[in-house]
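In order, the protein sequence lines correspond to chains A and B. Note that the first sequence ends on residue 390 in my numbering; no numbers are left out. Note that the second sequence ends on residue 427 in my numbering; no numbers are left out. We put the CB at the ideal spot given by N, CA and C, even for glycine. Since the structure is predicted, the reported quantities are computational estimates derived from the model, not experimental observations. One structure below.
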Amino acid sequence: MADFISDLDFYQLDELLSPEDRMTRAAVRQFVQREVTPHVEKHFADSTFPLELIPRLAEFGVFGANLKGYGCAGMNNVAYGLIMQELEAADSGLRSFASVQSALAMYAIYAWGSEEQKNRYLPLMAQGKLIGCFGLTEPDHGSDPGGMETRARKDGHGWILNGMKRWITNGSIADLAVVWAKIDQGITGFIVEKGAPGFSTRDIHGKFSMRASITSELFFDDVRLDAGAQLPAARGLKAPLACLTQARYGIAWGAIGAARTCYQCALDYTRARKQFSRPLAGYQLVQNKLVNMLTEITKAQLICLRLGQMKDAGTMRPEHVSLAKRNNVQMALDIARTARDMLGANGIVNEYPVIRHMLNLETVNTYEGAYDVHTLILGRDITGIGAFD
Amino acid sequence: MKILVPVKRVPDPATTIRVLPDGSGIATDNVKWVINPFDEIAIEEALRIKEKQGSGEVVLISVGQTAWQEQLRTGLAMGADRAILVKADTPLDTLAIARAIAKVASDEKPELIIIGKQAIDDDSNQIGQMLAEMLGWPQATFASKVELAGEKCTVVREVDGGLETVAFPMPAVITTDLRLNEPRYASLPGIMKARKKPLNEIAVDSLGVDLAPKLKIKTLNAPEKRQAGRKVASVEELVQVLHTEAKVI
Ligand SMILES: Cc1cc2nc3c(=O)[nH]c(=O)nc-3n(C[C@H](O)[C@H](O)[C@H](O)COP(=O)(O)OP(=O)(O)OC[C@H]3O[C@@H](n4cnc5c(N)ncnc54)[C@H](O)[C@@H]3O)c2cc1C
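Structure (structure tokens):
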């Protein structure tokens with residue numbers, strides 16, 4: 002038996018990582034194994050987010066880990082990707098929390114905020130003392146956020162905000178919401194603090210996916226905002242889309258973690274489980290499935306490593322991220338579904354992590370640009386013809 | 179107070195170890211390497227002492243090859259102040275390693291050496307004791323609790339059938355047992371800071387100590403594969419089999 006099985010590094014990509022990257026991954030993996038995995042099944046069953054992990058993750062330096070300054074760790078993007086991978090190996094909901102906090106809410110302020118906003122919010126968000134959410138999607142505008150109906154109108158020096166957002170991760174537990182709205186000049190972003198009069202939230206129940214993550218609706222009813230609440234550099238749809246690029250980058254890595262957990266589980270299970278007096282893993286049909294999983298995960302690892310290098314070098318385009326998000330999440334979802342099948346009846350119970358990952362990955366496939374939306378983005382890139390705008 | 183913590187690089191306990199066909203060692207391709215878990219406990223204890231005292235220096239030392247830098251960096255990322263790699267191009271036996279560390283210790287003059295009671299790869303359980311002898315310092319092995327008061331140190335030791343409390347003056351050598359503490363994780367900011375911390379290399383030959391091997395590994399054998407169990411029909415047969423085949427009764 003080869004050693005790589007336990008680590009799933011078939012192409013010895015570890016040799017291409019820096020010692021700091023490996024150290025980062027080892028530390029996060031150890032943290033996740035000790036402090037997250039043992040409790041995650043219960044949070045999924047009860048539909049609760051493990052709030053107690055927030056200070057631990059913050060102390061560890063996870064929030065805004067790839068941002069520079071403002072109390073952030075300033076890691077490179079490969080190390081950041083590895084963190085996302087290890088978090089999602091436990092649960093996509095945990096990775097979602099970290100993605101929203103870091104790549105959406107913190108990044109929006111980091112990229113489009115004033116110096117005053119950055120100094121006020123980012124250090125506390127890095128310390129996990131302020132939780133952020135990111136309100137782009139609306140009930141009637143998902144894949145097409147440019148059609149948003151939330152509006153802000155000028156009122157003296159400030160603004161009056163009206164509208165609603167739906168499917169917002171961390172919505173009701175957030176201390177501040179980065180909210181995207183239309184003004185006369187187009188789309189811009191606002192920081193709306195919890196408790197602002199006219200701002201309320203309601204959680205979405207009945208989810209079969211991402212149960213260990215909070216998903217809410219946000220309501221804005223004549224919410225009065227100071228001039229200082231607007232993100233001054235956020236002009237046009239490209240501002241929220243730049244945030245999505247950051248989050249999608251992390252998702253492409255995260256999907257590898259979820260896929261790895263499912264593959265590992267299917268491998269262990271089919272090696273131990275005997276039917277017709279032989280281990281399931283001894284049948285050609287089962288080996289074919291395992292080998293396909295190994296191949297797809299290895300390809301996804303290569304995509305991410307190269308993407309991370311390009312992101313660090315400043316040569317990564319959003320379309321590069323689309324390819325990685327589209328491929329890797331579909332890959333993880335396929336592996337989760339196949340692993341579910343391979344576990345037979347045990348594949349439907351929460352004694353094994355597989356069905357939870359499978360259900361979570363349905364969300365990961367949809368959010369941050371559904372699979373087909375990335376197809377359209379890439380199609381436009383290679384043909385020069387937009388099929389959706 | 180200055181605390182010296184020797185650190186060994188060992189295979190990750192989670193990796194499957196394969197013995198080379200000729201029995202000369204283990205296959206190291208695809209093995210992940212980590213700090214010996216007992217040494218990790220030693221680093222943690224040193225950091226706690228420093229934090230409690232509000233000042234001091236935690237210095238790591240390894241006697242090994244260039245690749246060992248990675249484990250030293252991990253220790254620096256946990257919070258140690260600096261590291262020394264005594265570079266040996268070929269693996270040395272425990273006596274030579276102890277001599278090298280003792281030599282560096284006599285230059286560094288730490289008040290304490292805290293070291294894992296054993297390494298999880300060869301389970302020798304020797305270096306701490308050898309250091310105490312070479313330096314002429316008191317030793318407290320298998321520590322499960324360490325307390326400092328002035329020049330004096332009190333250690334609770336895990337011994338067969340109970341606990342033993344010993345007190346001794348410093349400088350001294352302490353070896354750590356599993357229950358001493360739970361080591362912290364290297365945090366991400368810690369990993370970034372570790373990059374800039376000093377990691378000095380010294381060639382082992384330059385220390386002027388006797389490195390001649392006194393120990394030779396003749397062969398390594400993998401543990402025998404567990405045989406599948408067998409069902410017996412009756413208690414009589416069980417007793418019979420235990421007597422004639424297993425020869426345990
Ligand atoms: C658990 C969860 C958490 C979320 N968190 C957040 C958050 O924090 N912040 C936020 O702003 N949003 C969040 N979302 C919303 C998410 O980004 C949207 O659901 C996503 O953008 C898709 O929008 P939609 O659900 O309205 O689907 P639609 O846009 O209605 O799409 C439905 C289907 O139609 C397809 N489709 C759409 N347009 C085309 C086209 N032109 N051609 C062909 N096919 C098309 C899509 O691929 C998809 O399969 C979250 C969603 C979930 C489920």
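Among the residues of its own chain, which have a CB less than 6 Å from the CB of K371 (chain B), if the five just before and after it don't count? Numbered from its first residue, the second sequence carries residue 371 (chain B) at position 193. Closer than 6 Å at the Cβ level, and outside the excluded window around K371 (chain B), lies no residue.
Note down the Cα distance separating R35 (chain A) from P354 (chain A), rounded to an integer number of angstroms. Within the first sequence, numbered from 1, the residue matching residue 35 (chain A) stands at position 34. Within the first sequence, numbered from 1, the residue matching residue 354 (chain A) stands at position 353. Spanning the two alpha carbons is a distance of roughly 16 Å.
Taking three-plus beta-carbon pairs below 8 Å as touching, is the stretch 344-351 of chain B in contact with the stretch 298-317 of chain B? yes
Among B:M179, B:R187, B:Q418, the one whose alpha carbon lies nearest that of E289 (chain B): As a first step, residue 289 (chain B) is located in the second sequence; it is residue number 111 there, counting from the start. Per the Cα distances, B:M179.
S19 (chain A): beta carbon under 7 Å from a heavy atom of ligand 1? Here the question's residue 19 (chain A) lines up with position 18 in the first sequence. Result no, Cβ not under 7 Å from ligand 1.
Just to check, is the beta-carbon of L360 (chain A) closer than 7 Å to a non-hydrogen atom of ligand 1? The residue you call residue 360 (chain A) lines up with position 359 of the first sequence. The answer is no for L360 (chain A).
Measuring only between beta-carbons, confirm whether R357 (chain B) sits less than 8 Å from chain A. Here residue 357 (chain B) is taken as the residue at index 179 of the second sequence, counted from 1. It does not: the Cβ of R357 (chain B) has no partner Cβ on chain A nearer than 8 Å.
Going by DSSP in three states, N378 (chain B) sits in which element: helix, strand or coil? In the second sequence, residue 378 (chain B) corresponds to position 200, counting from 1. It is a strand residue.
Leaving aside the five residues before and after T397 (chain B) along the sequence, list all residues of the same chain whose C-beta is less than 6 Å from its C-beta, in chain order. Within the second sequence, the letter at position 219 stands for residue 397 (chain B). If we look at T397 (chain B) and ignore the five residues flanking it on each side, its Cβ neighbours are G201.
Segment contact flag, the stretch 240-253 of chain A with the stretch 104-114 of chain A, C-beta cutoff 8 Å, min 3 pairs: yes
Taking its Cβ as the centre, do 16 or more other Cβ atoms sit within 10 Å of Y81 (chain A), making it buried, or is it exposed? As a first step, residue 81 (chain A) is located in the first sequence; it is residue number 80 there, counting from the start. Y81 (chain A) is buried by the Cβ-count criterion.
Best match in A:Q285, A:T376, A:S144 for proximity to A325 (chain A) [C-alpha to C-alpha]: Counted from its first residue, the first sequence places residue 325 (chain A) at position 324. Among A:Q285, A:T376, A:S144, the Cα nearest to that of A325 (chain A) belongs to A:T376.
Coarse secondary structure for H142 (chain A), derived from DSSP in three states: For the purposes of this step, residue 142 (chain A) is taken as residue 141 along the first sequence, with counting starting at 1. Strand, per DSSP.
Is there contact here, the stretch 358-372 of chain A with the stretch 210-227 of chain B, by at least three beta-carbon pairs under 8 Å? no
Thinking just about the alpha-carbon of each residue, which of A:E218, A:F32, A:A340, A:K155 is nearest to the one in Q265 (chain A)? In the first sequence, the residue the question calls residue 265 (chain A) occupies position 264. Of the listed residues, the one whose Cα sits closest to Q265 (chain A) is A:A340.
Can you find the residues in the same chain that come closer than 7 Å, C-beta to C-beta, to D299 (chain B), ignoring five residues on each side of it along the sequence? As a working mapping, residue 299 (chain B) is identified with position 121 in the second sequence. So the qualifying residues of the chain are V188, P189.
From this set, A:M311, A:A260, A:L286, which residue's C-alpha is nearest N361 (chain A)'s C-alpha? Here residue 361 (chain A) is taken as the residue at index 360 of the first sequence, counted from 1. The candidate whose alpha carbon is nearest that of N361 (chain A) is A:A260.
Proximal residues, the stretch 53-77 of chain A versus chain B, C-beta separation under 8 Å: E60, F61, G62, V63, A66, A74, G75, M76
Could you work out which residues of chain B lie near F32 (chain A), taking near to mean beta carbons separated by less than 7 Å? Within the first sequence, numbered from 1, the residue matching residue 32 (chain A) stands at position 31. Going along chain B in sequence order, the residues near F32 (chain A) (Cβ under 7 Å) are Y363.
Alpha helix (DSSP H) runs wholly inside the stretch 224-310 of chain A, at least 4 long, in chain order: The DSSP assignment places complete alpha helix (DSSP H) segments of no fewer than 4 residues inside the stretch 224-310 of chain A at 239-273, in order along the chain.
Given a cut-off of 8 Å on the beta-carbon distance, is the pair T25 (chain A) and L366 (chain B) in contact? Sequence index remark: in the first sequence, residue 25 (chain A) carries index 24 (1-based). Sequence index remark: in the second sequence, residue 366 (chain B) carries index 188 (1-based). Contact: yes.
Smallest Cα separation from H358 (chain A): which of A:S93, A:Y71, A:Q231? If you number the first sequence from 1, residue 358 (chain A) lands on position 357. Residue A:S93 is the option with its Cα nearest to H358 (chain A).
Near Q296 (chain B), which residues of its chain fall below 7 Å by C-beta distance, leaving aside the five closest residues on each side in sequence? Translated into positions along the second sequence, residue 296 (chain B) becomes position 118. Cβ neighbours of Q296 (chain B) beyond the five flanking positions: F216, S302, N303.
Would a check of beta-carbon distances place A28 (chain A) closer than 8 Å to chain D? This model lacks chain D altogether; the protein chains it does include are A and B.
Say the cut is 7 Å; is the CB of S144 (chain A) nearer than that to a heavy atom of ligand 1? Mapped onto the first sequence, residue 144 (chain A) falls at position 143. Yes, Cβ of S144 (chain A) sits closer than 7 Å to a heavy atom of ligand 1.
Would the beta-carbon of T216 (chain A) fall within 8 Å of that of I205 (chain A)? One-based indexing of the first sequence puts residue 216 (chain A) at position 215. One-based indexing of the first sequence puts residue 205 (chain A) at position 204. Yes, the pair counts as a contact, with Cβ atoms nearer than the cut-off.
Under 7 Å: does the beta carbon of C134 (chain A) sit that close to some heavy atom of ligand 1? Within the first sequence, the letter at position 133 stands for residue 134 (chain A). Within the chosen limit of 7 Å, ligand 1 reaches the beta carbon of C134 (chain A) through at least one heavy atom.
Might you give, ordered along the chain, the residues of its own chain that have their beta carbon closer than 6 Å to the beta carbon of L54 (chain A), omitting 5 neighbours on each side? The residue given as residue 54 (chain A) occupies position 53 in the first sequence. Excluding sequence neighbours, L54 (chain A) sits near nothing in its chain.
Proximity test, Cβ basis, 8 Å: P20 (chain A) and chain B: Here residue 20 (chain A) is taken as the residue at index 19 of the first sequence, counted from 1. Interface residue, yes.
Cα separation between V179 (chain A) and V365 (chain A)? Stepping through the first sequence from its first residue, residue 179 (chain A) is reached at position 178. Stepping through the first sequence from its first residue, residue 365 (chain A) is reached at position 364. The alpha-carbon separation between V179 (chain A) and V365 (chain A) amounts to approximately 21 Å.
Contact list for M24 (chain A) against chain B, beta-carbon separation under 7 Å: Along the first sequence, read from residue 1 onward, the residue named residue 24 (chain A) stands at position 23. Within chain B, the residues near M24 (chain A) are R251, T252, A255, A364, I369.
Would you mind sorting H421 (chain B) into buried or exposed? The rule is 16 or more other CB atoms within 10 Å of its CB. On the second sequence, position 243 is the one that residue 421 (chain B) refers to. Flag for H421 (chain B) reads exposed.
Give every residue of the same chain whose Cβ lies closer than 6 Å to the Cβ of G368 (chain B), excluding the five residues on either side of it in the sequence, and list them in chain order. Position 190 of the second sequence, counting from 1, holds the residue named residue 368 (chain B). Within its own chain, the residues whose Cβ lies closer than 6 Å to the Cβ of G368 (chain B), once the five positions on either side in sequence are excluded, are A255, listed in chain order.
Name the chain A residues whose beta carbon is nearer than 9 Å to that of E248 (chain B)? On the second sequence, position 70 is the one that residue 248 (chain B) refers to. Correct list: P20, R23, M24.
Put E336 (chain B) into one of helix, strand or coil per three-state DSSP. On the second sequence, residue 336 (chain B) is found 158 positions in, with the first residue counted as 1. The answer is strand: DSSP assigns E336 (chain B) an E or B state.
Hey, is R335 (chain B)'s beta-carbon within less than 8 Å of any beta-carbon in chain A? Taking the second sequence and counting its residues from 1, one reaches residue 335 (chain B) at position 157. No Cβ of chain A is located within less than 8 Å of the beta carbon of R335 (chain B).
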